[in-house]
Amino acid sequence: MAKRRFQLSEQQVNELLGAFRHCKNGPTATRYLAVRLYGTGYPVLEVMQITGCSRPSLMEWCRAYREQGVVGLLDKRKGGNRAALSTAQQEEVKRLLHTYTPSQLLGPDKAADSPHYWTVPAVVQLVAQRYGVSYRSHTSGWKLLRHCGLTYQKAEKVFKSRSTRQVVEFEEWFEKS
Numbered sequence: 012m013a014k015r016r017f018q019l020s021e022q023q024v025n026e027l028l029g030a031f032r033h034c035k036n037g038p039t040a041t042r043y044l045a046v047r048l049y050g051t052g053y054p055v056l057e058v059m060q061i062t063g064c065s066r067p068s069l070m071e072w073c074r075a076y077r078e079q080g081v082v083g084l085l086d087k088r089k090g091g092n093r094a095a096l097s098t099a100q101q102e103e104v105k106r107l108l109h110t111y112t113p114s115q116l117l118g119p120d121k122a123a124d125s126p127h128y129w130t131v132p133a134v135v136q137l138v139a140q141r142y143g144v145s146y147r148s149h150t151s152g153w154k155l156l157r158h159c160g161l162t163y164q165k166a167e168k169v170f171k172s173r174s175t176r177q178v179v180e181f182e183e184w185f186e187k188s
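Residue 22 in the working numbering sits at position 11 of the sequence shown; the count goes up by one each step and never skips.
Following this line, the structure appears as structure tokens:
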């Protein structure tokens with residue numbers, strides 16, 4: 012069995028313990044704990060069970076600690092919304108969607124599927140046309156619609172062959188009875 016090369020001194024253990032106790036970021040605290048446990052002789056499997064990390068992650072964190080110290084274990088993920096549109100652009104889209112119809116902004120030929128109501132494909136087309144941003148998923152367009160205060164409405168099932176006159180007569184009869 013190979014002897015573990017990564018071993019922490021008493022000073023390093025105290026440094027990691029202090030950083031762990033004062034850390035308010037969960038992922039960073041997990042890294043401090045994992046490196047400290049591994050560096051004090053805990054078996055890899057036990058460290059993985061305690062912290063929920065994978066072996067490659069643990070080894071990467073140990074390497075980062077060796078090279079940069081406690082700073083190397085900080086969470087470097089940017090987080091937040093990776094929106095393709097800025098907040099100002101999103102507000103402009105919201106204003107446009109509440110002010111105009113698809114046929115007014117996109118033209119009657121491009122908004123043929125729904126000239127009066129905004130649909131996900133129409134919003135995606137508007138964003139591409141105005142801002143040069145193309146969404147890769149249908150969900151992005153749906154989320155933008157939702158952000159703008161519009162909701163998905165399931166289309167009514169209407170028979171195209173029915174007579175409007177007969178429907179009106181039926182509704183009048185139904186109200187009377």
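Idealized CB from N, CA, C, for every residue including glycine.
Note that this is a predicted model, so its numbers are computed, not measured.
Residue i - DSSP class collapsed to helix/strand/coil
i: L237; result: Nothing can be reported for residue 237, as the shown portion of the chain is limited to 12 through 188.
i: R32; result: helix
i: L107; result: helix
i: A95; result: coil
i: L117; result: helix
i: H149; result: helix
i: S68; result: helix
Close Cβ partners of residue i (< 6 Å) along its chain, the five nearest in sequence each way excluded
i: V6; result: Residue 6 cannot be examined here, being either before or after the span of the chain that is shown, 12 to 188.
Straight-line Cα distance separating residue j from residue i
i: K87; j: N36; result: 11 Å
i: E110; j: A95; result: Glu is not the amino acid found at residue 110; the sequence shown has Thr there. Rounded to whole angstroms, T110 to A95 spans 22 Å at the Cα level.
i: Y49; j: F17; result: 8 Å
i: P119; j: P126; result: 7 Å
i: S97; j: P113; result: 22 Å
i: C73; j: E57; result: 16 Å
i: Q25; j: R47; result: The displayed chain sequence assigns Asn, not Gln, to residue 25. Whole-angstrom Cα-Cα distance: 9 Å.
i: V135; j: Y146; result: 7 Å
i: Q22; j: P38; result: 23 Å
i: T175; j: K121; result: 28 Å
i: C159; j: F31; result: 41 Å
Neighbour-count burial assignment, residue i, 16 or more Cβ in a 10 Å radius
i: W184; result: exposed
i: P67; result: exposed
i: V179; result: exposed
i: V104; result: buried
i: S65; result: exposed
Own chain partners of residue i with C-beta closer than 7 Å, once the 5 adjacent residues on each side are dropped
i: L161; result: L108, W129
i: A75; result: G83, L84
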